[in-house]
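**Student:** One gets the numbering used here by counting positions in the sequence shown from 1 and adding 78 to each.
Would you mind keeping the following structure in view while I ask a few things?
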Amino acid sequence: MMLLSKIISSSLAVVVTFTCFKGLSEEDKPYYTRNHTWALGTEIKETQDRNIYPRNAFLPSRYLLYIDDRNKTHTISGDVFVRAITQDGVSVYVLDKHVSKYPFAESVGSHEIVFNSAYELCNIKPCDTPKEGNIFPVSRGDAFNIIGSEAGYIEIAGIQEEPVRGYVTSSRLDELRDHGLVTRTDHRHPRYKIKKTKIHTISVTCGKVLEGTLQIDHDKLDDVQFVAESFDLGNIDYDDKQLVIADGQDYGGDGQSIDFFLYSVLDTASQETFNVAAVYKTKCEKEDFQKPKNLFYENVTFKSSRRDLPVKLDIKEFGTREDLREETGAPYLISINEYSHFEAVMKKLSKKIGDRTLAGFALSEINVSCRFSERQKRLGKCRSYSY
């Protein structure tokens with residue numbers, strides 16, 4: 079799904095509110111995905127030959143969506159979309175037919191737990207691992223209420239063909255939530271307000287190298303300083319408004335472009351603010367008299383002001399194919415093209431980043447899924463690998 083359009087501003091602000099279900103005003107009640115689906119990002123990406131809304135978000139069944147006006151739609155390349163904020167704080171366009179007609183609380187109920195993945199619950203306790211004879215299966219999208227908690231076990235109840243009850247340990251439920259397999263609707267969603275800004279001054283296009291002395295606009299000095307310090311790029315001279323790049327930097331060169339970003343984050347649970355610097359190293363190709371073409375992200379590194387160590391994500395570590403650029407339409411590090419891809423990637427990202435919601439947001443930054451026709455091919459390139 080592609081759309082020729084003008085280039086948007088280099089700074090994209092994603093500003094969202096948080097909420098739980100109880101005591102909500104009518105306009106704050108979340109809707110949800112009727113079934114799993116792929117969504118378009120709302121930030122247009124400039125590519126070699128066109129500008130597109132990339133397919134950067136995979137949404138599981140009954141994923142929460144925050145929508146200002148359910149009746150307002152947007153037509154993109156002939157398809158009808160609704161603009162929404164996901165429970166991870168990602169701004170997306172979702173196909174209208176895949177969005178619930180009514181809010182979650184009205185059509186599903188005031189359930190605290192939604193399974194975004196199939197699972198097997200115990201129907202007795204104690205039961206650490208479901209075994210034959212004490213299992214009932216849970217389908218993707220099934221919703222449950224928390225009935226009680228005792229001795230480390232949480233009792234939940236829901237309605238399938240008939241009322242059912244099951245048990246899960248509190249530690250296992252937390253693990254399922256952290257891995258993206260369960261949504262706790264009684265928790266804050268989305269938890270973070272995030273503003274993303276590209277640092278153009280120190281980003282370099284295909285084949286160029288980050289070096290020398292760079293002039294910095296006065297109002298960008300603090301942003302550049304944080305990013306420069308995060309990646310040991312060099313020293314800021316505030317008097318001359320310059321960044322002096324340190325010797326021996328390994329940013330840029332043949333077949334590579336470099337983009338730096340700053341994410342300003344507000345944690346609405348604690349009211350803490352923090353920054354995250356990011357550097358995207360992109361494999362590119364450049365031919366004479368043609369615009370350079372970005373192929374895929376070789377690696378992306380995030381450095382948070384509240385963590386000592388950076389988080390580096392590498393395409394080879396994840397095992398994504400490096401020849402999907404024609405199928406995705408934009409550079410990528412992850413390409414989620416089936417449900418199992420999402421489940422596996424969320425486990426890995428949540429573990430590396432240490433925060434389920436931030437992992438969900440980060441996934442939307444590095445994922446571009448293949449076109450629908452390519453995702454449908456069971457033996458095609460887009461489904462020939464696993465995570």
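We put the CB at the ideal spot given by N, CA and C, even for glycine.
In terms of alpha-carbon separation, which member of D433, V242, C362, K390 lies closest to F309?
**Tutor:** K390
**Student:** Does the beta-carbon distance from V357 to Y410 come in below 7 angstroms?
**Tutor:** Between V357 and Y410, the C-beta spacing is not below 7 angstroms.
**Student:** Can you give the beta carbon distance from L259 to N194, rounded, assuming they're within the 8 angstroms contact cut?
**Tutor:** 6 angstroms
**Student:** At the level of alpha carbons, what is the spacing between R456 and Y329?
**Tutor:** 38 angstroms
**Student:** Is T435 helix, strand or coil by DSSP?
**Tutor:** helix
**Student:** Helix, strand or coil: how does DSSP classify E104 here?
**Tutor:** Caution is warranted here: a pLDDT of 44 is assigned to E104, below 50, making its placement in the model unreliable, and the coordinate value is therefore given only provisionally. It is helical.
**Student:** Which term fits P215, buried or exposed, when burial requires 16 or more other beta carbons within 10 angstroms of its beta carbon?
**Tutor:** The residue is exposed, with fewer than 16 neighbouring Cβ atoms inside 10 Å.
**Student:** On the three-pair Cβ rule with 8 angstroms, is the segment 396-410 touching the segment 367-377?
**Tutor:** Counting Cβ pairs under 8 angstroms, three or more are found: they touch.
**Student:** Within the chosen definition, does the segment 166-176 reach the segment 215-232 through at least 3 CB pairs nearer than 8 angstroms?
**Tutor:** no
**Student:** Taking 7 angstroms as the cut-off, decide whether the C-beta atoms of Y109 and I145 are in contact.
**Tutor:** Yes, the Cβ-Cβ distance between Y109 and I145 is below 7 angstroms.
**Student:** Return the chain-ordered list of same chain residues with a C-beta closer than 8 angstroms to the C-beta of V302, the five sequence neighbours on each side being excluded.
**Tutor:** I277, T279, I280, I294, I314, L321.
**Student:** Which residues mark the beginning and the end of the beta strand (DSSP E) in which A306 is found?
**Tutor:** Taken as a continuous stretch (DSSP letters only), A306 belongs to no beta strand (DSSP E), being part of the alpha helix (DSSP H) at 299-308.
**Student:** Check each candidate in D297, D332, K381, T435 and name the one with the smallest Cα separation from F338.
**Tutor:** K381
**Student:** I believe A534 touches G156 by the beta-carbon criterion, under 8 angstroms. Please report the beta-carbon distance rounded to the nearest angstrom.
**Tutor:** No information on residue 534 is available, as it lies outside the stretch 79 to 465 that the chain covers here.
**Student:** Given this structure, state the Cα-to-Cα distance separating Q454 from R461, to the nearest angstrom.
**Tutor:** 9 angstroms
**Student:** Less than 7 angstroms between the C-beta atoms of I224 and V246, yes or no?
**Tutor:** Not closer than 7 angstroms, so no.
**Student:** Assuming the contact rule is C-beta atoms closer than 8 angstroms, G167 and F420 should be a hit. Round their C-beta distance to whole Å, please.
**Tutor:** Not really, about 17 angstroms apart at Cβ, beyond 8 angstroms.
**Student:** Let's see if you can read the secondary structure: which residues bound the alpha helix (DSSP H) around F466?
**Tutor:** Nothing can be reported for residue 466: it is not among the residues displayed for the chain, which extend from 79 to 465.
**Student:** Quick check on the DSSP output: the alpha helix (DSSP H) that includes T406 runs from which residue to which?
**Tutor:** That run of the alpha helix (DSSP H) goes 403-406.
**Student:** Within 10 angstroms of the Cβ of E395, are there 16 or more other Cβ atoms? Answer buried if so, exposed if not.
**Tutor:** exposed
**Student:** Ordered along the chain, which non-local residues of its own chain (more than five positions away) have a Cβ less than 6 angstroms from that of V467?
**Tutor:** This structure leaves residue 467 out entirely; the chain is present only between 79 and 465.
**Student:** According to DSSP, is R262 helix, strand or coil?
**Tutor:** strand
**Student:** Leaving out the 5 sequence neighbours to the left and right, which residues in its chain are closer than 7 angstroms to L427 when beta-carbon positions are compared?
**Tutor:** Here the set comprises A437, A440, L441.
**Student:** Where in the segment 203-261 do unbroken runs of the beta strand (DSSP E), each at least 3 residues long, occur, reported from the N-terminal end onward?
**Tutor:** 213-216, 221-228, 231-237, 241-247
**Student:** Indicate whether V158 and A117 have their beta-carbon atoms separated by less than 7 angstroms.
**Tutor:** Contact: no.
**Student:** How many angstroms separate the CA atom of P268 from the CA atom of D345?
**Tutor:** 10 angstroms
**Student:** How should F450 be labelled, buried or exposed, when 16 other C-beta atoms within 10 angstroms of its C-beta is the threshold for buried?
**Tutor:** exposed
**Student:** Could you compute how far the alpha carbon of T299 sits from the alpha carbon of K319?
**Tutor:** Looking at the sequence shown, residue 299 is not Thr but Leu. Answer to the nearest angstrom: the Cα atoms are 7 angstroms apart.
**Student:** Can you name, in chain order, every residue of its own chain whose Cβ lies under 7 angstroms from the Cβ of T283, other than the five neighbours on each side?
**Tutor:** If we look at T283 and ignore the five residues flanking it on each side, its Cβ neighbours are S335, P370.
**Student:** Expressed to the nearest angstrom, what Euclidean distance is found between the alpha-carbon atoms of K459 and I444?
**Tutor:** Roughly 19 angstroms separates the two Cα atoms.
**Student:** Verify whether the separation of the beta carbon atoms of H257 and M424 is less than 7 angstroms.
**Tutor:** For H257 and M424, yes; Cβs fall inside 7 angstroms.
**Student:** Of the choices L254, E198, K359, whose alpha-carbon is the least far from that of R243?
**Tutor:** E198
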